[in-house]
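Residue numbers (our numbering): 5 to 215.
Note that beta-carbon positions come from the ideal geometry of N, C-alpha and C, so glycine has one too.
These numbers were taken from a predicted model, which means no experiment stands behind them.
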């Protein structure tokens, strides 16, 4: 019974968290202020190939899944779901945002960037806190943290710097936002994860006391 109650809380949080990251990325992309490194790589590859942003997300996240499996000595097959889910909704969010946010001014661009940034951080923290299968980039982040670096912030920074180098190689979307996200997003994800864990735990305790 308890597992059922937990799932009723965690499954919506998981799906909403992933969805928030998709719309956050779409908003940041629209500002042209610079994406985080790996999404910048996806954007660069989309421009030079016939494949969509979401398709490249699926391909590269699949590669991350294999690397994380090697580090953990275990394949997380359930992570295939968020790879496909996010790939689909990245393209959907990008299509929805593009027609509705045309040619924003500087103030609007900065506001959109901040909204997108927060959506990505909060969404990532929320869905990771549920304990359900992670996007491989986040699974790789925790695998590196557990195996070598001992910190989510350090692990995320290493992943983002690697992505930054890849972004330059493919001519991806780069700007001041890329630098901001690269060096700060790990802190916000870590804080959002702690808050989300407390929220999920409090919700479960409330349901138990009510029953």
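ask   = Under the rule that 16 or more other beta-carbon atoms within 10 Å means buried, what is residue 44, buried or exposed?
value = Counting Cβ neighbours within 10 Å, residue 44 comes out buried, since at least 16 surround it.
query = How many angstroms separate the CA atom of residue 32 from the CA atom of residue 182?
reply = Using only the alpha carbons, I get a separation of about 10 Å.
message = Tell me which residues share the same chain as residue 101 and place their Cβ nearer than 8 Å to its Cβ, disregarding the 5 neighbours each side in the sequence.
response = By the criterion of a C-beta distance shorter than 8 Å, residue 101 is surrounded in its chain by 27, 30, 31, 33 and 34, once the five residues flanking it on both sides are discounted.
task = Check each candidate in 19, 20, 13 and 50 and name the one with the smallest Cα separation from residue 174.
result = If we check each option's Cα against that of residue 174, 50 comes out closest.
inquiry  = Comparing C-alpha positions only, which one of 129, 92 and 52 sits nearest to residue 157?
reply    = It is 129 whose Cα lies nearest to the Cα of residue 157.
query = Does the Cβ-Cβ distance between residue 94 and residue 140 come in under 8 Å?
reply = 8 Å or more divides the Cβ of residue 94 from the Cβ of residue 140.
key: Straight-line gap, residue 127 to residue 14 (C-alpha atoms, nearest Å)   = Our two residues, residue 127 and residue 14, have alpha carbons roughly 13 Å apart in a direct line.
ask   = Do you know how far the Cα of residue 162 is from the Cα of residue 16?
value = Distance between the alpha carbons of residue 16 and residue 162 is about 30 Å.
ask   = Between residue 134 and residue 203, what straight-line distance do the alpha-carbon atoms span, to the nearest angstrom?
value = A straight-line Cα-Cα distance of about 10 Å links residue 134 and residue 203.
key: Unbroken stretches of the alpha helix (DSSP H), 4 residues or longer, contained in the segment 22-67   = DSSP runs (the alpha helix (DSSP H)) wholly in the segment 22-67: 41-52.
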